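**Q** This is the structure I have questions about; it appears just below.
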Amino acid sequence: MYGWLLLLPAMALLALFTHYPALANLWHSFQSTPKGDRPAAFVGLENYQQLVEDPIFWQALSNNFWYALGTIPVSIALALLMAVWVNDRIPGRGILRLAFFTPTILPMIAVANIWLFFYTPEYGLLEQFTGALGMPSHNWLGSKNTALGALMVVTVWKESGFFMIFYLAALQSMSPHLADAAAMEGASRWYFFRRVTFPLLMPTTLFVLVNAVINAFRLVDHVVVMTRGGPDNATELLLYYVYEIGFRFWDSAYAATLTMVLLTILGLVALAQFFFLERKVHYQ
Amino acid sequence: MLQRLIRNGFIALFAIAGCVVPALAQTPTTVPTEVSFYYPVAVGGPITKIIDGLAADFEKENPGIKLKPIYSGSYQDSITKALTAVKSGEPPVASILLSTDMFTLIDEDAIQPFDELVKTPEDKAWLKSFYPAFMENSQTGGKTWGIPFQRSTIVLYYNKEMFKEAGLDPNRPPATWKEMTEYAQKLTKRDASGKVTQWGVQIPSSGFPYWLFQGLAIQNGGILMNSAGTQTFYDKPEVIAALQYWVDLVNKYKVHPEGIVEWGTTPKDFFEKKVAMVWTTTGNLTNFKTNAKMDFGVAMLPAGKQRGSPTGGGNFYLFKKSTPAQRDAAFKFIKWVTTPQRAAQWGIDTGYVAVRADAWETPAMKQYVAGFPPAAVARDQLPYAKAELSTHDNQRVTKALNDGLQAALTGTKTPEQAMKDAQVQSERILRTYRR
Amino acid sequence: MSAGINVYEPRGVGRALETTGAWILGVLWVLPLLYAFWTAFHPTEFSTHFSLSAPLTLANFVTAWHAAPFARYFLNTLLLVTMVLAAQLVLTTLAAYAFARFEFPGRNALFALVLVQLMVMPDVLIVENYRTMTMLGLKDTITGIGLPYIASAFGIFLLRQTFKGVPRELDEAARVEGCTPLQVLWKVYVPLARPTYLAYALVSVSYHWNNFLWPLIITNSVEARPVTVGLQVFSSTDQGIDWSIITAATLLSTAPLLIAFLLFQRQFVQSFMRAGIR
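Protein chains in written order, with our numbering: chain B, -1 to 282; chain H, 658 to 1092; chain G, -4 to 273.
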C-alpha cells in the first residue's frame, strides 16, 4: 500500500544498518575469527566463555558503570541548576547561556585535546592552578585513581550545556500562574521547586536521561585521545574495548561478543525507559 | 621481373618493420607507476617535510614513478590503517611500520619477502650492508621481510647544567644503575613545601612502555621472547627484578615522577627543565638539538649486569597486492633511500641511527659526528642492542605486558604479580601459535 | 521568552548570591576554551607560561594549516553533513508522513522497530557495519561514512510528532482540491513543520560534524577523512607535543561551527529547545 511505499527507503536502510547488524552480530558471536587461511567456524559459547574469563572485560564493564554513574546524575543536576539560573533573569544571562552551551558545539575530539593540555602534569593549566594553591603536583591522567574521574569531568563539561537547553525550554514553557497560585498558598521557593517544578520537568528529565545514558556508552572519543584505555585499563570503556579488539587486534568474533553485551545493556535501558519510567512521568 | 618485385617488396617490408618496430618499442609509457606508502611519525621534528622532500628528489631522478607518501599517525595507528587497507582489498604498495609488526603482517598474509627481488650482486651486497642488530627483527624463517629505515635505540639525554649545579661531572654520565640512582638523588630538587620542582630521571610509560622496559630487562640480563615469536618470558626473575628497579626509582628513591609518564611530552619536560635525565629514542636527537636551550649530553643507557637497549623503529615492508611494476618501483625507492649517503642524511636530519655501517663513513656523516658527537652514541650502543619484543599477534601480546607495567608503576600490583599476570595472558594468546 | 515575571525570582541578597554563583560557574566553564585560545595565539615558548605581555602571533595557525590538508578535510566534512542532511530530510519526511497519516498493517510494530535505533545507534554496531560496508564496496568513501545514519529514528520520531499535530481539516481541504497524497505532504505538512526541520537540521549537522569513531574506522585516506579524524591523526601524541600548534589546529577545525554558532546562537538555542519540547 501507499504507506508501505513511503516507508520503504527509510525502513530498508534502518534494517540494513541497525536491525541486520544486531542480528548478524549475534550470529558472529558464535563463530571464531577467520585468520589467514582458516575460515570462521561455529564454536558455540566459546567466545562467551572467553568473555567471562577476561579480566579486562570486567574492568571495562565496571568502568563504564562508574562512568555512567559519575556523569549522568552530575550533568543532569548541573544542567538543571544552570537552567534555573539562566531562567531567573540575573545580569549577563545571555553570556552565561553562551558559556554553558559552547562546549556542546565542539567535537569531542577537540574537547579532549584541550583538556589533555589542561591536565598535563607539571605545566598544564590545572597544575598551575593547584600549584598556585600550594597543592602537590598530580598526574591526573596517568594515575589509576583519577584517570576515569578526569574523563568524567570532561564529559560533564561537554554535556551539561546541552541538557541545560532542554530544561530551559521546559522552564520557559511553564505557566507563571502556577507560581502565583503557589505563592498565594504560602509555599516557599524550595517547596515550589520540589513539588511543582521538578515533577513537571519529568518529561524533559526523561528525555535528557535517555540521551545521557546513550552517550555514556556511545562516546569514547576522549578515551582515544587522552588515555587510550590506560593506565592499565583504568579508563577502558566498553565501546573502546570493542574498537581495540575489533580494529587493533582484528579479533572480529570476540568483538562481536563484546558488542552483544553492549547491545543487551542498551536494550535493557530502552525497556526500562518504555515500561518503568513512563508510568512515573507526570504529564501536564 | 616478378621475382625482383617480390624481393624488393620484402626488402621494403623489412625496412619499414625495422624502423617501425623499434619506434613502437620506444614509445614511453605515459602513465607513471604509482607507489603509495604509509609512514608514521613518532618523533619530534619536521618529518613530514623531510619525507616529502625525499619523495620529490626520487621522482626527479625517476620520472616514470609517482610516490605517494601518506602520513598515518603513530606506529599503532599506522599498523591499524595498513591492516584495514589490506582487509578492504586496497593495500598500499609499501609502508613503514614497526619492525615488530613482522609476524602479524605475515600472519595476515599482507606482505611479501624481499628475497625474490634481490637477484643482482649489487642488490645482494646492499642487503648484507645493514647492521645485524637491525636485521634481527627483519628476518624470520630464512627470509627477509623488512628493510631497516628509521631505526633507533634508547639513549639517555641529560642536562649538563643541572649536573654542574649538583656537583656532578657534566662529562661523566651515569654508567651503571647504581650511578643513575645516585645521580638522580642528587639531581632531584624539592621546594619548601616538599613539592618536587625538578626530577632526577624519567622513563616514559605511556603508549608503549614495553620498549623502555625492555632496556631495563636487557640490562639485567633478561630476554623477553624467543626469536620465533611464539613464547614470552615476562615472569622470569631477571625481568621482574628489572621492573622492581623501575618501581623503586618511583617509590623507594623518589627520583622519578609518579604515575604514567607521557612519551610525547617527555622531550618538552626536559626542555622545560622539569627533569635532569630522560630515556627516549635517539630519533628525538635532532628535536633536542633544535629545541633544548641548554647544554645537554647524550649517553648510552646505564648498565645493570650489562649494557643494553632494544632496537626500535620502523622498517619498509612490501605489500602483496601490488602489480609487478609497482613492486619494482617500490623496491627501487627503498634501495634509493637506503644508499649510504641518503641513510646518512636521514640520520643527520632526524637522529635515527643510519642503518648501515658505510653510511657512517660518508663525509657528511663524519663531519656531522665530529661537530656533534652525541650523534654517534646510538651507533656505539649497537653492539649491546638486542631485538625488540616481537611475537605473533604482537599488538595483543605487548598489550598484556604494557598493562602489567602500568599496573606496577601506578602501584596497583607488585612487579611480581604484574609480570606473572602478563605472562598468563600472553601464554593464552601465543599457545595457538605453537601447535 | 518568559511569559511574565516569575514570582519566585530571587531579589536582593538572594539575587546577588545566585548571580555570583552562576558567574563563578560560568567562568570555570569557559576557562579551558579561553586558555586554548590564548595558547593558540601566542608562540610556543609561552604556551605553558601565562604572561600578559606575551606577543600575539598567527604563526601557529599557519603552521597547523600547512601541516595537514585541512582544506580537504573541511571539504569532506561539508560534503558529508550536506549529503547526510539532504538524504535524512527526504527519507524521514516520507517515513514520518506514513506513520502519521496512513493506516497499514504492522504500523505499530514497524514504529517500534524504528524506535530501536534511538537506543542502538550505528556507532555501537561498528564491527558489523564495517563488514557490511566492505561488502557494499563503500569503504573509505564519504558515502560510506554517512549511509548508516541516513534513516534517522530521531528524525522520524520528531516529524511524526509534528505531522500529527497538523489539523486534519487542512489535509482534507487539500484533498478536496484534488491533490495526491504526496502533493498534500509537500503543500501542507512540510511548510508547517519548518521549525522542526530547522531544529532537526541543526542537531544533525552538529552531530555529524563532530562524529569521530565511525569515520575513524571507515576512512583511511585523506580523500575521505573528515575534519575530526584529520585532527586526531595530526595531534597524535607520539610525535612530541607542541601545544601551541595542536590548540591552533583544534581551533581551526572547530572554527566553522563555532563561528556559525556565535552568529546564530539565538536560532541555535531556540531550535534545540523546540526539538525537546513535546
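Each residue gets a CB set at the ideal place from its N, CA and C atoms; glycine is no exception.
Fair warning: this is a prediction, and the values are worked out from it, not measured in the lab.
Using DSSP with H/G/I as helix, E/B as strand and the rest coil, what is Pro679 of chain H?
**A** Stepping through the second sequence from its first residue, residue 679 of chain H is reached at position 22. Here Pro679 of chain H scores only 46 on pLDDT, less than 50, and its place in the model is too uncertain to base an answer on.
**Q** Within the present structure, is the beta-carbon of Tyr65 of chain B separated from the nearest heavy atom of the ligand ZN by less than 6 angstroms?
**A** Among the components modelled here there is no ligand, and therefore nothing to report on the ligand ZN.
**Q** Is Lys950 of chain H close to chain B, meaning its C-beta is less than 7 angstroms from at least one C-beta of that chain?
**A** Here the question's residue 950 of chain H lines up with position 293 in the second sequence. So no, Lys950 of chain H is outside the interface.
**Q** Nearest CA to the CA of Leu208 of chain G: which residue from G:Leu105, G:Phe69, G:Ile121, G:Pro50?
**A** Position 213 of the third sequence holds residue 208 of chain G. Nearest C-alpha to Leu208 of chain G: G:Ile121.
**Q** Going by alpha carbons, who is nearest to Ala699 of chain H out of H:Ala782, H:Lys738, H:Thr939, H:Asp772?
**A** Within the second sequence, the letter at position 42 stands for residue 699 of chain H. Checked all of H:Ala782, H:Lys738, H:Thr939, H:Asp772; the closest Cα to Ala699 of chain H is H:Thr939.
**Q** What residues in the stretch 140 to 172 of chain B bring their beta carbon closer than 9 angstroms to a beta carbon of chain H?
**A** Against chain H - using a Cβ distance shorter than 9 angstroms - the residues of the stretch 140 to 172 of chain B are Gly140, Ser141, Lys142, Asn143, Thr144, Ala145.
**Q** Would a check of beta-carbon distances place Leu19 of chain B closer than 7 angstroms to chain H?
**A** As a working mapping, residue 19 of chain B is identified with position 21 in the first sequence. For the sequence presented, residue 19 of chain B should be read as Pro rather than Leu. For Pro19 of chain B, the answer is no, since every Cβ of chain H falls outside 7 angstroms of its Cβ.
**Q** Straight-line CA distance for Leu78 of chain B to Thr14 of chain G?
**A** To locate residue 78 of chain B, count along the first sequence from 1; it is residue 80. To locate residue 14 of chain G, count along the third sequence from 1; it is residue 19. If you take the alpha carbons of Leu78 of chain B and Thr14 of chain G, they lie about 16 angstroms apart.
**Q** In three-state DSSP terms, what is Tyr974 of chain H?
**A** What you label residue 974 of chain H is simply residue 317 of the second sequence in a count that begins at 1. Strand, per DSSP.
**Q** Since Asp249 of chain B contacts Thr31 of chain B with CB under 8 angstroms, what's their CB separation in whole angstroms?
**A** Here residue 249 of chain B refers to the residue found at position 251 of the first sequence. Here residue 31 of chain B refers to the residue found at position 33 of the first sequence. Right, their Cβ atoms sit about 5 angstroms apart.
**Q** Just confirm the distance between the C-beta atoms of Arg869 of chain H and Ile811 of chain H, as a whole number of angstroms; I'd bet it's less than 8 angstroms.
**A** One-based indexing of the second sequence puts residue 869 of chain H at position 212. One-based indexing of the second sequence puts residue 811 of chain H at position 154. Per the sequence shown, residue 869 of chain H should be read as Leu rather than Arg. That belief holds up - the Cβ atoms of Leu869 of chain H and Ile811 of chain H are roughly 6 angstroms apart, short of 8 angstroms.
**Q** Determine the direct distance from the alpha carbon of Glu167 of chain G to that of Gly(-1) of chain G, and round the result to whole angstroms.
**A** For the purposes of this step, residue -1 of chain G is taken as residue 4 along the third sequence, with counting starting at 1. For the purposes of this step, residue 167 of chain G is taken as residue 172 along the third sequence, with counting starting at 1. Reliability of the predicted coordinates at Gly(-1) of chain G is poor, the pLDDT of 47 falling under 50, and no value is obtained from them.
**Q** Three or more C-beta pairs under 8 angstroms: does that hold for the stretch 819 to 837 of chain H against the stretch 787 to 794 of chain H?
**A** Segments in contact, no.
**Q** Can a CB atom of chain H be found closer than 7 angstroms to the CB of Phe213 of chain B?
**A** On the first sequence, position 215 is the one that residue 213 of chain B refers to. In the sequence on display, residue 213 of chain B carries Asn and not Phe. False, the Cβ-Cβ gap to chain H never drops below 7 angstroms.
**Q** Compare the Cα-Cα distances from Ile639 of chain H to each of H:Leu754, H:Ile727, H:Lys781 and report the closest residue.
**A** Residue 639 of chain H falls outside the range modelled here, since chain H spans only 658 to 1092, and no answer is possible.
**Q** What residues in its chain sit with their C-beta under 8 angstroms from that of Thr684 of chain H, if we drop five residues either side in the sequence?
**A** As a first step, residue 684 of chain H must be located in the second sequence, where it is residue number 27. Caution is warranted here: a pLDDT of 45 is assigned to Thr684 of chain H, below 50, making its placement in the model unreliable, and the coordinate value is therefore given only provisionally. Same-chain partners within the cutoff: there are none.
**Q** Taking any Cβ of chain G, which residues in the stretch 111 to 125 of chain B have a Cβ under 7 angstroms from it, in chain order?
**A** The residues in question are Asn111, Ile112, Trp113, Phe115, Phe116, Tyr121, Leu123.
**Q** Quick one: complete alpha helix (DSSP H) runs, 4+ long, within the stretch 8 to 77 of chain G?
**A** Runs of the alpha helix (DSSP H) inside the stretch 8 to 77 of chain G: 8 to 36, 54 to 62.
**Q** Return the residues of the stretch 905 to 916 of chain H that lie within a Cβ-Cβ distance of less than 8 angstroms from chain B, sorted by chain order.
**A** Listed in sequence order: Pro914, Glu915, Gly916.
**Q** With a CB to CB cut of under 6 angstroms and the five nearest residues on each side skipped, what residues in its chain are close to Asn215 of chain G?
**A** Position 220 of the third sequence, counting from 1, holds the residue named residue 215 of chain G. Answer for Asn215 of chain G: Asp135, listed in chain order.
**Q** Pull up the distance between the alpha-carbon of Tyr814 of chain H and that of Val198 of chain G, whole angstroms please.
**A** Here residue 814 of chain H is taken as the residue at index 157 of the second sequence, counted from 1. Here residue 198 of chain G is taken as the residue at index 203 of the third sequence, counted from 1. Each residue's alpha carbon lies about 50 angstroms from the other.
**Q** Which stretch, first to last residue, makes up the beta strand (DSSP E) that contains Tyr728 of chain H?
**A** Reading the second sequence from its first residue, position 71 is the one you call residue 728 of chain H. Looking at the DSSP string, the run of the beta strand (DSSP E) that includes Tyr728 of chain H is 722 to 728.
**Q** Could you tell me which whole alpha helix (DSSP H) segments of length 4 or greater appear in the stretch 995 to 1076 of chain H?
**A** Complete alpha helix (DSSP H) runs here, min 4: 997 to 1007, 1020 to 1028, 1034 to 1038, 1051 to 1066.
**Q** Name, going along the chain, the residues of the stretch 250 to 262 of chain G whose beta-carbon falls closer than 9 angstroms to a beta-carbon of chain B.
**A** Those would be Leu252, Leu253, Ala255, Phe256, Leu257, Gln260, in chain order.
**Q** Pull out every residue of the stretch 253 to 276 of chain B whose Cβ sits closer than 9 angstroms to any Cβ of chain G, in chain order.
**A** Within the stretch 253 to 276 of chain B, the residues whose Cβ lies closer than 9 angstroms to some Cβ of chain G are Ala253, Ala254, Leu256, Thr257, Leu260, Leu261, Leu264, Gly265, Val267, Ala268, Gln271, Phe272, listed in chain order.
**Q** Can you check whether the C-beta of Cys676 of chain H is within less than 7 angstroms of a C-beta belonging to chain G?
**A** For the purposes of this step, residue 676 of chain H is taken as residue 19 along the second sequence, with counting starting at 1. Because Cys676 of chain H carries a pLDDT of 46, less than 50, the predicted location of this residue cannot be relied on, and no value is offered for it.
**Q** If you draw a straight line from the C-alpha of Ala107 of chain G to the C-alpha of Tyr252 of chain B, how long is it?
**A** The residue labelled residue 107 of chain G in the question sits at position 112 within the third sequence. The residue labelled residue 252 of chain B in the question sits at position 254 within the first sequence. Cα to Cα, the separation comes out at about 29 angstroms.
**Q** For a test of the three-state rule: what should DSSP assign to Val935 of chain H, helix, strand or coil?
**A** Numbered from 1 along the second sequence, position 278 holds the residue referred to as residue 935 of chain H. Reduced to three states, the DSSP call for Val935 of chain H is strand.
**Q** So what's Met133 of chain B in DSSP terms, helix, strand or just coil?
**A** Taking the first sequence and counting its residues from 1, the one referred to as residue 133 of chain B is at position 135. In this structure, Met133 of chain B counts as coil in the three-state DSSP scheme.
**Q** Would you kindly work out how many angstroms separate the C-alpha atoms of Lys852 of chain H and Ser135 of chain B, rounded to a whole number?
**A** Numbered from its first residue, the second sequence carries residue 852 of chain H at position 195. Numbered from its first residue, the first sequence carries residue 135 of chain B at position 137. Rounded to whole angstroms, Lys852 of chain H to Ser135 of chain B spans 7 angstroms at the Cα level.
**Q** Taking 7 angstroms as the CB-CB limit, is Gly184 of chain B close to chain H?
**A** Position 186 of the first sequence, counted from the first residue, corresponds to residue 184 of chain B. So, not an interface residue.
**Q** Decide if the stretch 859 to 869 of chain H is in contact with the stretch 1053 to 1062 of chain H; the criterion is three or more beta carbon pairs, one per stretch, under 8 angstroms apart.
**A** Touching, yes.
**Q** In the DSSP assignment, what are the bridge partners of Trp23 of chain B?
**A** In the first sequence, counting from the first residue as 1, residue 23 of chain B sits at position 25. At residue 23 of chain B the sequence reads Asn, which differs from the Trp that was named. According to DSSP, Asn23 of chain B bridges with nothing at all.
**Q** Give the residues of chain G in contact with Ile727 of chain H, contact being defined as C-beta atoms less than 8 angstroms apart.
**A** Position 70 of the second sequence, counting from 1, holds the residue named residue 727 of chain H. Here the neighbours are Ser216, Val217.
**Q** Take Lys142 of chain B as the anchor and find which of B:His175, B:Val259, B:Arg192, B:Ala232 has the nearest alpha-carbon.
**A** Position 144 of the first sequence, counted from the first residue, corresponds to residue 142 of chain B. When only C-alpha atoms are compared, the closest one is B:Ala232.
**Q** Over what stretch of residues does the alpha helix (DSSP H) that includes Glu716 of chain H continue unbroken?
**A** What you label residue 716 of chain H is simply residue 59 of the second sequence in a count that begins at 1. Residues 704 to 718.
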